[in-house]
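Trainee: Mind looking over this structure? Questions follow.
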Amino acid sequence: MPSLFRRRAVTTAACTVLVLAPASAAPALAVETAAADETTISILSFNDFHGALSADYIGTQFADTVEDYRTAFEAEHGAGSTLLTSAGDLIGGSKSVSNVQQDNPTIDVMNALGLASLTAGNHEFDKGLDDLQGRVESRAQFPVLSANLVDPTSKEPVLTSHAVFDVDGVRVAVIGASPNELYATTTGAGLKGNEVLDEVAAVNAVADELEAQDAADVIVASYHDGAAGAGELTAERAARAEFDRIVGETSSAVDVIFNAHTHQLYQYDTAAGGAHRPVIQAGASGSHLAAVELTVGADGEVTGLTPRLLARSTQAPAEAAAESPVTAQVYAIEQEAVAVFEDLQGEVVADLSASITTDYQKLIDAGGSWKAGGTRAAETTLGTWVGDAVKHAAEQANPEVDLGVTNPGGLRSELLTDRFTDGGAFPAKPADLVGRLTLGELLDMAPFGNTITYFDIPGSSIKLALEENWRNDVRKFTLGWSEELTWTYDESRPQGDKVTGVWIDGEPLQADRMYTVASQSFLADDTWTTLGDPTKAPDGYTAFATGRQNFVNMGLLDSQAITDYARAQDAAHGAVAPDFGKNGVPVTDAPASVEAGQAVGLTLGDLVVDSDGAPAATAVDVAFRTADGTETGLGTVAVPAGSEAVTLSGITAPAAAGTGELVMTVRYADGITTVVRHALEVTAAPTPTEPEQPAPTHPGKGHGKGHDKGADHPGKGRVKGEDHPGKGRGVQRGAATHPVFSAHAWLTAAGLPR
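Basically the numbering used here = 1-based index in the sequence shown + 93.
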């Protein structure tokens with residue numbers, strides 16, 4: 094097997110600055126007072142910074158945190174006794190101040206701070222491997238590490254696997270590991286077909302070789318991966334298998350484990366080879382700094398350690414800059430970056446009549462941190478609006494585009510009437526920008542540099558995309574579709590068959606018809622097909638490469654497309670506005686057929702979109718529409734006050750038999766409506782029979798006629814799904830002329846893998 098041992102030696106330099114005590118400490122594993130032949134050093138780590146420069150000077154305050162700690166520690170233990178590292182996502186998915194300048198200011202800040210190494214997270218690859226190895230690495234004064242991104246043929250690491258540093262005479266090796274799901278969490282094409290090895294196995298291979306060659310005294314595993322939460326260690330290990338492996342299977346040669354990627358704040362005391370080993374993650378966006386202080390004997394053995402989590406400094410940036418030349422340099426870089434951005438921030442694109450959001454209130458945790466992406470499992474006004482924008486952009490090249498779609502993880506901030514998102518601080522807009530949408534906000538919301546694509550896929554793939562919102566029977570994502578697509582579902586149904594109806598512009602989706610769909614390049618990426626691994630599909634969505642034809646990448650940046658759409662909406666309607674109607678509605682207890690005049694008792698749920706300002710649902714107008722377009726009103730049902738669900742109590746099927754659909758128009762407090770459909774066959778009521786008479790007096794009028802009627806007239810009773818395909822509790826349809834199947838049957842009919 095080719096060696097993963099690629100070594101770069103770097104020596105850190107000490108900085109002399111004023112002292113401020115660390116903000117917090119958790120000395121679970123105490124460092125004893127070092128003996129004369131022992132050395133005490135500190136290894137620092139932070140993660141998921143995401144270019145968090147802002148007008149609040151988060152970058153400067155983070156620098157102040159680093160400098161205050163380093164000064165205090167080195168005053169006690171000697172110059173050069175600290176090492177600053179990052180566990181990944183330093184850049185990419187960044188706030189606008191950094192994003193609009195291609196994260197160059199963030200790289201400059203880290204150069205000034207003396208960052209020693211950066212693990213390659215998924216977002217380091219947002220602009221592709223060529224950009225990372227070219228522009229980024231040439232500007233950065235630190236190596237970018239990944240032991241597990243390798244050439245598929247040679248198995249040699251594409252980036253530097255690890256780096257070894259002299260920290261006050263102690264040899265410290267830092268091994269970087271990118272997440273196993275790298276292909277699914279960045280644009281796969283940008284990885285250029287390279288292979289992602291198992292992160293734990295790759296770290297172990299390097300660590301064991303370092304130990305065998307006696308090439309390091311202290312070995313650090315810097316994983317861009319971690320626990321899903323910050324609860325008790327046993328529970329977190331049980332909750333996520335990869336975290337369990339990081340804790341339990343990382344080589345005992347590794348002394349310290351830094352985590353990232355999940356934006357959590359935790360420190361755990363674990364054991365490896367009989368020794369204590371900390372596993373620690375420092376939140377996100379520079380909210381915290383992790384420090385692990387180690388005492389190392391003359392023989393290179395670790396004799397004690399203390400992990401700490403330090404909260405970001407709250408000192409005024411100008412005051413912090415006055416204390417330290419390093420912090421002063423960072424402050425100057427951030428000031429210049431903010432000035433460039435503010436020129437864009439003040440550029441008004443459109444008026445904004447109401448906020449367009451994810452469910453952003455849930456982004457702020459008890460510690461004040463912000464997690465990008467909002468409610469990724471729910472439909473939101475921002476998702477629908479961006480889906481509309483993507484479709485609008487593609488229509489300029491191809492007017493036949495049917496739908497637009499976006500992934501929820503690409504929605505990185507909110508479009509608010511009175512506040513900026515600004516990394517979760519939500520500062521008030523100045524008076525002249527209230528009710529207005531700026532270029533900076535749009536760039537902040539769509540920071541990844543995706544391009545607009547369009548392609549043809551069969552209807553079965555559109556349904557598959559909706560089914561792929563669920564993973565292991567749990568709703569994980571909800572794609573943002575343009576307004577043309579509506580759908581119904583029942584979460585009690587099995588995985589892969591939860592979607593019960595799909596319509597485009599009110600017409601039932603046809604499994605074997607080709608539809609033209611527009612999306613950002615992230616969702617459209619099909620690199621996983623070449624690799625033969627569906628788990629590497631973007632966010633796990635295989636549908637957009639299934640049965641695909643006529644793929645076109647327009648090369649238009651999504652941020653530009655969204656900006657153009659906002660301007661077009663403003664010109665056409667006087668302002669940009671959210672659509673509070675629901676595209677997807679759960680329909681439960683829904684009959685496939687009902688006898689004429691009998692009750693239709695289905696239930697509609699989740700009628701209110703998960704976004705700021707969504708109005709209450711007030712009533713549902715119910716009608717039955719036959720295949721020829723004839724519509725019969727069946728009545729209105731009030732939605733209970735404060736509820737997002739309603740059962741159609743008191744609604745009965747029309748008196749005449751027919752095949753068609755229920756058309757349920759949901760009315761909202763602000764006057765908007767949402768139309769929900771459900772395929773329904775109304776069967777004829779039984780024909781009354783004359784009272785039974787003695788056979789000699791009335792021959793032929795006995796029981797036989799009633800019994801034979803069902804056989805002579807099939808389909809007029811309460812039919813079963815197997816006798817009438819598509820009329821049972823499968824996927825709903827709006828007219829008898831369109832074939833509709835269960836989820837597996839859709840794929841089979843289209844000749845696609847199940």
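Ideal placement from N, C-alpha and C gives every residue a C-beta, glycine not left out. No experiment lies behind these values; they were computed from the predicted model shown.
With a threshold of 7 Å on Cβ separation, who are the neighbours of Thr656 within its own chain once the five nearest residues in sequence on each side are excluded?
Mentor: So the qualifying residues of the chain are Val442, Leu532, Leu535.
Trainee: If you run the structure through DSSP and keep just helix, strand and coil, what is Arg405?
Mentor: coil
Trainee: Where does Gly726 fall in DSSP's three states?
Mentor: strand
Trainee: On a Cα-Cα basis, can you pick out the residue from Leu238, Gly573, Asp259, Val678 that is closest to His172?
Mentor: Note on identity: in this sequence residue 172 is Ala, with His being the wrong assignment. Out of Leu238, Gly573, Asp259, Val678, Asp259 has the C-alpha closest to the C-alpha of Ala172.
Trainee: Quick check: what's the CA-CA separation for Ala470 versus Ser686?
Mentor: 32 Å
Trainee: When burial is assigned at 16 or more other CB atoms within 10 Å of the CB, is Pro733 buried or exposed?
Mentor: exposed
Trainee: Ordered along the chain, which non-local residues of its own chain (more than five positions away) have a Cβ less than 8 Å from that of Ala654?
Mentor: Ala482, Val483, His485, Ala486, Ile545
Trainee: List the whole-angstrom C-beta distance separating Ala256 from Val263, where the pair is believed to meet the contact cut-off of C-beta under 8 Å.
Mentor: Going by Cβ atoms, the distance from Ala256 to Val263 rounds to 14 Å, so no, they are not a contact pair.
Trainee: Using the Cα positions of Ser271 and His356, report the straight-line distance between them to the nearest angstrom.
Mentor: 15 Å
Trainee: Just to confirm the assignment, what range does the beta strand (DSSP E) spanning Ile184 have?
Mentor: Run containing Ile184: none; DSSP gives neither H nor E here.
Trainee: Out of Ser179, Ala168, Gln603, state which residue places its alpha-carbon closest to the alpha-carbon of Leu137.
Mentor: Ser179
Trainee: Under a three-way DSSP split, which group does Gln642 fall into?
Mentor: strand
Trainee: Note down the Cα distance separating Thr477 from Trp574, rounded to an integer number of angstroms.
Mentor: 5 Å
Trainee: Looking at C-alpha atoms only, which residue of Gln642, Asn241, Glu600, Ala323 is the closest neighbour of Val61?
Mentor: The structure shown does not extend to residue 61, since the chain spans only 94 to 847, so no value can be given for it.
Trainee: How big is the Cα-Cα spacing for Ile457 and His666?
Mentor: For Ile457, the predicted structure reports a pLDDT of 46, less than 50, and the residue's modelled location is therefore unreliable. The matter cannot be settled from this model.
Trainee: CA-CA distance, Val243 and Thr623?
Mentor: Their backbone Cα atoms lie some 16 Å apart in a straight line.
Trainee: Need the endpoints of the alpha helix (DSSP H) that Val669 sits in, please.
Mentor: Note, Val669: premise wrong, no alpha helix (DSSP H); not H, not E.
Trainee: Nearest by alpha-carbon distance to Ala692: which of Val701, Asp682, Leu700 is it?
Mentor: Ranking Val701, Asp682, Leu700 by Cα distance to Ala692 puts Asp682 first.
Trainee: Take every Cβ of the region 175 to 190, pair it with every Cβ of the region 400 to 416, and state whether three or more of those distances are shorter than 8 Å.
Mentor: no
Trainee: Sort Val313, Ser704, Ser174 by Cα distance to Ala447 and report the nearest one.
Mentor: Ser704
Trainee: Do the region 507 to 515 and the region 415 to 432 touch if we need at least three Cβ pairs shorter than 8 Å?
Mentor: no
Trainee: Taking C-alpha atoms, which residue in Val678, Gly341, Pro708, Met203 lies nearest to Ala294?
Mentor: Gly341
Trainee: May I ask you to list the residues that DSSP assigns as paired with Gly573?
Mentor: Thr499
Trainee: Smallest Cα separation from Lys569: which of Leu252, Glu472, Ala305, Val702?
Mentor: Glu472
Trainee: Going by Cα to Cα distance, which pick from Thr766, Leu146, Ala659 is closest to Tyr424?
Mentor: Per the Cα distances, Leu146.
Trainee: What residue from Val237, Asn646, Leu578, Asp196 has the CA that sits closest to Asp618's CA?
Mentor: Distance check between Asp618 and each of Val237, Asn646, Leu578, Asp196 places Asn646 closest, using alpha-carbon atoms only.
Trainee: State the Cα-Cα distance for the pair Gly281 and Ala213, rounded to the nearest angstrom.
Mentor: A direct Cα-to-Cα measurement between Gly281 and Ala213 gives close to 15 Å.
Trainee: Beta carbon of Lys675, beta carbon of Val702: below 7 Å?
Mentor: Here Lys675 is near Val702, since their CB atoms are less than 7 Å apart.
Trainee: Give me, in chain order, the residues of the same chain whose beta-carbon lies closer than 7 Å to that of Gly227; leave out the 5 immediate sequence neighbours on both sides.
Mentor: none
Trainee: Tell me which same chain residues have a C-beta within less than 7 Å of the C-beta of Asn643, skipping the five on either side of it?
Mentor: Result list for Asn643: Phe548, Asp549, in chain order.
Trainee: Mind checking which residues open and close the beta strand (DSSP E) that includes Tyr316?
Mentor: 311 to 316
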